[in-house]
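Enquirer: Chains as they are written, first to last, in the working numbering: chain D, -16 to 606; chain F, -16 to 606.
All C-beta atoms, glycine included, are put in the ideal place defined by N, C-alpha and C.
On a predicted model such as this, the values are computed, not experimentally measured, just so you know.
2 protein chains.
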Amino acid sequence: MTTIEDHATDVDDRDPLFARIPRRDFMKAGAAVGAVGSLAGCTGLLSDDGQVSAADADASVPPGEHDDYYAFLSGGHSGEIRVYGIPSMRQLIRIPVFGRESARGYGYDDRSSQMLEDAGGYSWGDAHHPRVSQTDNDYDGRWAFVNDKANGRMARIDLKYFETDAIVDVPNQQGTHGACCMLPDTKYVFGVGEFRVPMPNDGRDLDDPDSYTSTIAAIDPETMDVEWEVLVDGNMDNGDGGKEGRWFFATGYNSENGVTESEMSSSETDWVKAFDVPAIEEAVEAGEYEEVGGVPLVDGTRDSSLNGGDRPIVRYIDVAKSPHGVSVTPDGQYAIASGKLDPTCAVIDIEALAETDDPNEAIVGRPSLGMGPLHTAYDGRGHAYTTLFIDSQVVKWDIEAAVEAEAESEDPVVEKIDVHYNPGHLIAAESYTADPQGDWLVALNKLSKDRFLNVGPMKPENDQLIYIGDDDAGMELVKDTPAYAEPHDASIVSADKIQPADIYDPEDYDEEFVDHGDSDIVREDGRVHVKMYSQRNKFGFQDVTVQEGDEVTFTVTNIETTPDLLHSLAIPEHDVNIKLAPQETREVTFTADEPGVYWMYCAFFCSALHLEMRSRLLVEPAE
Amino acid sequence: MTTIEDHATDVDDRDPLFARIPRRDFMKAGAAVGAVGSLAGCTGLLSDDGQVSAADADASVPPGEHDDYYAFLSGGHSGEIRVYGIPSMRQLIRIPVFGRESARGYGYDDRSSQMLEDAGGYSWGDAHHPRVSQTDNDYDGRWAFVNDKANGRMARIDLKYFETDAIVDVPNQQGTHGACCMLPDTKYVFGVGEFRVPMPNDGRDLDDPDSYTSTIAAIDPETMDVEWEVLVDGNMDNGDGGKEGRWFFATGYNSENGVTESEMSSSETDWVKAFDVPAIEEAVEAGEYEEVGGVPLVDGTRDSSLNGGDRPIVRYIDVAKSPHGVSVTPDGQYAIASGKLDPTCAVIDIEALAETDDPNEAIVGRPSLGMGPLHTAYDGRGHAYTTLFIDSQVVKWDIEAAVEAEAESEDPVVEKIDVHYNPGHLIAAESYTADPQGDWLVALNKLSKDRFLNVGPMKPENDQLIYIGDDDAGMELVKDTPAYAEPHDASIVSADKIQPADIYDPEDYDEEFVDHGDSDIVREDGRVHVKMYSQRNKFGFQDVTVQEGDEVTFTVTNIETTPDLLHSLAIPEHDVNIKLAPQETREVTFTADEPGVYWMYCAFFCSALHLEMRSRLLVEPAE
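#1: By Cβ distance below 7 angstroms, which residues in the same chain neighbour D/Val386 in space, the five residues on each side in sequence not counted?
#2: For D/Leu552, name the three-state secondary structure that DSSP assigns.
#3: In this structure, how does DSSP classify F/Gly161 when only helix, strand and coil are distinguished?
#4: What does the Cβ neighbour count give for D/Val505, buried or exposed, with the cut at 16 atoms within 10 Å?
#5: Buried or exposed: which applies to D/Gln482, given that a residue is buried once 16 or more other Cβ atoms fall within 10 Å of its Cβ?
#6: Quick check on D/Glu63: buried or exposed, where buried means 16 or more other Cβ atoms within 10 Å of its Cβ?
#7: Excluding the 5 residues flanking D/Gly90 on each side, which residues of the same chain have their C-beta closer than 8 angstroms to its C-beta?
#8: On a CA-only basis, which of D/Asp41, D/Val66, D/Ser43, D/Glu210 is nearest D/Pro470? Give me that one, please.
#9: Taking Cβ to Cβ, would you say D/Ile296 is nearer than 9 angstroms to D/Ala262?
#10: State the DSSP-derived secondary structure class of D/Asp152, mapped to helix, strand or coil.
#11: In this structure, does DSSP put F/Arg510 in helix, strand or coil?
#12: Below 7 angstroms on C-beta distance, what does F/Tyr144 contact in chain D?
#13: Check the Cβ of F/Met247 against every Cβ in chain D and list those closer than 7 angstroms, keeping chain order.
#14: Can you check DSSP and say which residues form a bridge with F/Thr198?
#15: What is the C-beta distance between D/Asn405 and D/Lys379, in whole angstroms, given that I count them as a contact (C-beta under 8 angstroms)?
#16: Alpha carbon to alpha carbon, what distance is there between D/Thr147 and D/His112?
#17: Give the C-beta separation of D/Ala553 and D/Tyr584 to the nearest angstrom, bearing in mind that I take them to be a contact with Cβ-Cβ under 8 angstroms.
#18: Jot down the residue ranges of each uninterrupted alpha helix (DSSP H) in the segment 212 to 297 of chain D, minimum 4 residues, whole runs only, in chain order.
#19: How big is the Cα-Cα spacing for D/Met207 and D/Phe128?
#20: Checking the sheet assignment: what are the DSSP bridge partners for D/Thr572?
#21: Kindly indicate if chain D contains any beta-carbon less than 9 angstroms away from that of F/Asn240.
#22: Rounding to the nearest angstrom, what Cα-Cα distance links D/Cys589 and F/Gly407 in this structure?
#23: What first and last residue would you give for the alpha helix (DSSP H) that runs through D/Ser95?
#24: Are any of the Cβ atoms in chain D nearer than 9 angstroms to that of F/Trp126?
#25: Can you tell me the Cβ-Cβ gap for D/Glu543 and D/Gln518, rounded? I've got them flagged as a contact below 8 angstroms.
#26: Would you give the residue range spanned by the beta strand (DSSP E) that D/Ala127 belongs to?
#27: Quick one: which chain D residues come within Cβ less than 7 angstroms of F/His49?
#28: Does the beta carbon of D/Trp254 sit closer than 9 angstroms to a beta carbon anywhere in chain F?
#29: Is it buried or exposed for F/Pro5, if we count other Cβ within 10 angstroms and need 16 for buried?
#30: D/Ala426: which of D/Val278, D/Ala478, D/Ala360 sits nearest, CA to CA?
#31: Could you check whether the Cβ of F/Glu210 sits closer than 9 angstroms to any Cβ belonging to chain D?
#32: F/Arg519 versus chain D: which residues are under 7 angstroms apart at the beta carbon?
#33: Who does F/Gly348 pair with in a DSSP beta bridge?
#34: D/Trp423 and D/Leu460 - do their beta-carbons sit closer together than 9 angstroms?
#35: Please decide whether F/Gln316 counts as near chain D, where near means a Cβ-Cβ distance under 9 angstroms.
#36: At the 9 angstroms Cβ level, is D/Met(-16) part of the contact set with chain F, yes or no?
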């Protein structure tokens, strides 16, 4: 086991953080001191002078004060992303991703409608893993990415405007489960394919499971093009990137290539797959791929010649049956895969992986943690926090002790805390970076049972806030937060690392900005193009007259420059509502197929004369 | 002015509440004592012995404890209802109403899809006013209702299951703005029509605003049939029912019947309309109506003969320009309409209204409150709380003092508190009943500006929790709560008055319950009907094979009996996801138009073997 002195030195070297500003840093200081104290808790050697107790954890955010962190939570089959403030656990905003959302006009204006249409035209998706782009292993505030497990897609959210700006339909994947950045600089976003299906899935090989395949896809974060894919054996689910630009890890189940649960459960082991990305890139460069579905597909199955040489492109590491989560430690030393059906986690030494011929030798620890270990997060002080789905607990354990325990059978478990109930993912502040903050952890519990007022058979989930900044006092459950179905995973980012815009920059979109002087109505061959501004408390035209059957396009600009003064163009009985934030222009096209008077109005409460902000759409009968 | 002794006696008579249970009642006791104290604050005559200070207001709800109240907030143009817990301000659940929502499968299974289709087929609505059914002027826990301003509809939410179970497309209304129960026993739900349009709106009278009309609609809460409508002059917006089964009030603007803002603003006054419901029922009974759009339409315009006699069916009360909200005091004595563009509220004496020939004589108070008064709530201790949109404040005022002030010019204003920013509606606990709880008030502020971490140009609104239980210490701002666009109004109901079910009762729906022995696949003429159960962790069929082009119906039952164990049937690339709560059966029908293998799966994380809960849909090529 490493010595106490090693740890104490590590902490001090890692972050000289004992003289900073308000709440976050007060607590971070507490956390760092706590790190030393925790070892005291383990060993009894150190005094706990200077400890900040968990009872001091200030999770209150009084009216008018800001949170310390943004948390990006996936919305599961609601198809959206939700942004919480941490530690208040307040939901700051929703970001619709895979489905239309009317208050935001997402999927209503022509641009966002076309994006959803081009990405397959589905009305929903199953968003699991929101990951935020990094540069040099730290959040850079540019994008968040999230997968669609239901339709094999990956979406990008622009963090300047907190809106979805790209969705790619990933070829050759039916269920894109994991989503994860290639680190340190987000060279790729990886989509981890779960469902094995025939390739192409066009009716061939329907009942020939041996011919089914799944892939991982490397997506360029700038263009959202799929650069290449790698074919593998077995299903995959979660993934995480190493910190050093070489390895990407994915867990998987069903190494049996079965199709029934009993077939999928017959083997005693499954794999963690370690993708050697530079080796894959070399293979692509060398033309060692087949083009399938429009992308280079590299064969990374066990029998592939690309896995036969000195530097296999995919290393298959045997772990206990059906590992679920995998995450790389902040220092980049280990990939830790959770056992799910097995009470252990597998600690994979990443450096050893590169040096050994037998990848199984890279497993340097198998701590026994409890029932149903699913996912692991980090505090940057050498601890791992793993959800125990079946035990309904979070277990805190010492990573180095777990490595040592292989020989010494020492129990690396530091502490367990009950959560309510059945946690899936958990996330600690900046856990996916090289420098976790070590203060807050959120457990995403799938069931809430009786924790909240009864709201009928569809109960909320329960996102619980746990203070982990005081190793001496231990983990402290601070808040229960009901969550609409179905958050799967999250990323927590320090507030100062994201700098969203307050108003739109017209340079950032293609639509024509319509100022006061630009109002216009152009009619041509059954098409009407209306250009108008919106401003408290009117639209550029009081009346717009069209003919029954006309195809009508409205280009509307909100010419306000005051932040938070939104307008919309809502048209009754035409299913139209486009959102217009300050300086934003959107277009909407529809057919005016029913004669009559329709009061177009602004659906945002924009001024005292909000109700009066409306204009008439007059649709004249065709005859 | 009433005497101090009168008030003290009123409080004691109204509710002998000085020896009850935990938080709510502790605070209610404080509130009641505070009522006496408040007068002390006004007059200096009473001591403040026994006061519970606002600082004692316990808005924390520790992990595992329940809230005291359900709050039902509308979601504006998101088209949904949100349920908060009060005082935690946590969002407990969303209830999709006017648009599809995939996590809940709402608008995905055949039953809910058909309901949305029958109600016009729109993908969104503009939900403003959630009102909860009452019996004997108290919440009965049966239903909530909410309007759709965008498409002239009214929806009902079943509070056994917290789900939308009926939507009616209101004839002759383009924008149904107000929604409100006829009290004391919810005989009707009123839909208040805002937009004036030709009737019928089929292309006739396009640019003849004098012929435009709007109506209120009386909807039967059991059948959701529109029983009758009343034609009126001018636009209408908000409404509220008297407590006694006779009057219904609606505010309105545009008594000018104009179509531009300047036309709508030319008059100095507009109306509060008082509908004499039994008189209207008599007219309907007597056949004094025209049938339009399938419903009896009674003429309630000013020139109508039904308004010429001794008992006019609609009384037009002149108030300052563009009144906005109207609400009836808990004792049923007054209807208070807020001035919006005028700094006053109009206090209408309801008893006087019945006794006078000139309805304007029923106005017994016009307190000057501040800029932009919009809506008023009550604490049951004689105070009104009015939002001041332009001043960004809530003003607390004494109702009786305002009535007296007509003669004495005494200032009825007790206190103002800043809110952040620009409040629309506000709601106090059970304010719409005869017995408000007097502890919590929520101000629904339209702008949040810089109150939260920046999330881009579309900022959240801000629902602020204010403690009003201590008249002596004054109003206390307790919490800021970011809200996704765009809550308009709310109702707050004591937790014990709603008793939702934990699991479904199959007697409550028509679909066939599919138990273990009932699995079946029936094929006939290009139609395939699959009946299967779902249970941790499998579906009734491992494989389902159909032919390309088949119309496929799945009837699926979740046979679990354990609360909170939900399943779903998600079908990749088929845009299918139906939610199945315990004991719930749903059906979904789609065309299998693409050959291939599709992994149907459960999108709720239902067990440790959740990932393995999936079956194959095999679509064989047609040839």
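Expert: Straight from the coordinates:
#1: Val330, Val347, Gly348
#2: strand
#3: strand
#4: exposed
#5: exposed
#6: buried
#7: Pro79, Gly82, Arg83, Glu84, Ser96, Leu99
#8: D/Val66
#9: yes
#10: strand
#11: strand
#12: Gly439, Pro440
#13: Glu595
#14: F/Leu214
#15: Contact flag wrong, Cβ pair sits at about 18 angstroms.
#16: 15 angstroms
#17: 5 angstroms
#18: 244 to 247, 260 to 268
#19: 10 angstroms
#20: D/Thr536
#21: no
#22: 10 angstroms
#23: 93 to 101
#24: no
#25: 6 angstroms
#26: 121 to 131
#27: Phe435, Leu436
#28: no
#29: With a pLDDT of 34 at F/Pro5, under the threshold of 50, the modelled position of this residue cannot be trusted; read the value that follows with caution. F/Pro5 is exposed by the Cβ-count criterion.
#30: D/Ala360
#31: no
#32: Result: empty, since nearest Cβ-Cβ is about 11 angstroms, beyond 7 angstroms.
#33: F/Val330
#34: no
#35: no
#36: For D/Met(-16), the predicted structure reports a pLDDT of 32, less than 50, and the residue's modelled location is therefore unreliable. A value from the coordinates is still provided. So, not an interface residue.
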